[in-house]
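Q: Below you'll find the structure I mean.
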Amino acid sequence: RKEVEQDPGPFNVPEGATVAFNCTYSNSASQSFFWYRQDCRKEPKLLMSVYSSGNEDGRFTAQLNRASQYISLLIRDSKLSDSATYLCVVNLGNEKLTFGTGTRLTIIP
Amino acid sequence: ETGVTQSPTHLIKTRGQQVTLRCSSQSGHNTVSWYQQALGQGPQFIFQYYREEENGRGNFPPRFSGLQFPNYSSELNVNALELDDSALYLCASSWGTTLMDTQYFGPGTRLTVL
């Protein structure tokens, strides 16, 4: 089992729709969770940290489920500019970031 | 822009050669982490440097080595290049070494090994 696992997609979603991604992690001792966004041939950029109580930033909502060991990202009212690869990132308790393979999202006009 | 720069942007080498990649961290940051991102994969942690000392290493062989300089810029050296070393190499800088310190990525160096 991979340490951090994501559905690679691609997800092709019409503009304005809501889309959600999940990511599972292997180590129950994991303490820090993040979503990064990576555009084609660009570097990853921090989208948001994921807090235990869940958190929201505009159209983006992140949730953590420690019991089932997964985090999720919800994007509402999707825009063309949301097209990117979304990387799930976890500190597995060893003070280094472990990235998932990423989920590719394409928003269709 | 994050203020993290990397050079060169692209590089082509042949098997067996050696390569040095460079990273200048964002002003005020004292920690640099290096990652390898193969096509279609997420970045894999290579190692981290904090105040000129290695501070953690991923599952990479010793032919991957690094340095950090007093100005906190960093180099990644790879000896005896193999075809599988072809990847995007990313550096990320941060203030501090804990994972609550946000890491800012540079644009990467794309290495092709023929």
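Protein chains in written order, with this note's numbering: chain V, 1 to 109; chain Y, 1001 to 1114.
The beta carbon of each residue, even a glycine, is placed where N, CA and C say it ideally should be.
Here the structure is a predicted model, which is why all the values come from computation and not from measurement.
Would you say Y/Tyr1035 faces chain V, with C-beta separation under 9 Å as the test?
A: Interface flag for Y/Tyr1035 against chain V is set, since a Cβ pair is found closer than 9 Å.
Q: Within 10 angstroms of its Cβ, does V/Lys96 collect 16 or more other Cβ (buried), or is it exposed?
A: buried
Q: Under 7 Å Cβ to Cβ from V/Ser28, same chain only, skipping five residues before and after it: list those, please.
A: Gln69
Q: Check whether the Cβ of V/Thr61 lies closer than 9 Å to any Cβ atom in chain Y.
A: no
Q: Got a sec? Which residues, its chain only, sit under 6 Å from Y/Tyr1072 by beta carbon, not counting five neighbours each side?
A: Ser1025, Asn1030
Q: Would you say Y/Gly1042 faces chain V, with C-beta separation under 9 Å as the test?
A: yes
Q: Residues in the stretch 65-91 of chain V with C-beta within 7 Å of chain Y's C-beta atoms, listed in sequence order?
A: Leu87, Asn91
Q: In chain Y, which residues lie with their C-beta within 8 Å of the C-beta of V/Thr101?
A: Gly1040, Gln1041, Gly1042
Q: Give a yes or no on contact between the stretch 1102-1111 of chain Y and the stretch 1001-1017 of chain Y, applying the rule of three or more CB pairs nearer than 8 Å.
A: Segments in contact, yes.
Q: Taking the beta carbon of V/Asn91 as the centre, do at least 16 other beta carbons fall within 10 Å, making it buried, or is it exposed?
A: buried
Q: Jot down the residue ranges of each uninterrupted beta strand (DSSP E) in the stretch 1086-1114 of chain Y, minimum 3 residues, whole runs only, in chain order.
A: 1087-1094, 1109-1113
Q: Quick check on DSSP: helix, strand or coil for Y/Thr1083?
A: At residue 1083 of chain Y the sequence reads Leu, which differs from the Thr that was named. Three-state result, Y/Leu1083: helix.
Q: Would you kindly report the start and end of the unbroken beta strand (DSSP E) that includes V/Leu97?
A: 97-99
Q: Would you grab the beta carbon distance between V/Ile107 and V/Asp77 for me? Rounded to a whole angstrom, and I think it's under 8 Å.
A: That pair is no contact at about 11 Å.
Q: Report buried or exposed for Y/Gly1016, applying the criterion of at least 16 other Cβ atoms within 10 angstroms of its Cβ.
A: exposed
Q: On a Cα-Cα basis, can you pick out the residue from Y/Thr1020, Y/Gln1048, Y/Cys1091 that is closest to Y/Val1078?
A: Closest by C-alpha distance to Y/Val1078, out of Y/Thr1020, Y/Gln1048, Y/Cys1091, is Y/Thr1020.
Q: Tell me, to the nearest whole angstrom, how far the beta carbon of V/Leu74 is from that of V/Thr85; I am working on the premise that it is less than 8 Å.
A: That belief does not hold up - the Cβ atoms of V/Leu74 and V/Thr85 are roughly 17 Å apart, past 8 Å.
Q: What do you get for Y/Tyr1108, buried or exposed, if any count of 16 or more other CB atoms within 10 angstroms of its CB means buried?
A: As written in the sequence, residue 1108 of chain Y is Gly, which differs from the Tyr given in the question. Buried is the call here.
Q: To test your reading of the DSSP string, which unbroken beta strand (DSSP E) runs of 3 or more residues are found completely within the stretch 46-103 of chain V?
A: 55-57, 60-65, 70-75, 84-91, 97-99
Q: Output needed in chain order: residues of the stretch 1099-1113 of chain Y with a Cβ under 9 Å from some Cβ in chain V.
A: Taking 9 Å as the cut-off between beta carbons, the residues of the stretch 1099-1113 of chain Y near chain V are Leu1099, Met1100, Thr1102, Gln1103, Tyr1104, Phe1105, Gly1106, Pro1107, Gly1108, Arg1110, in sequence order.
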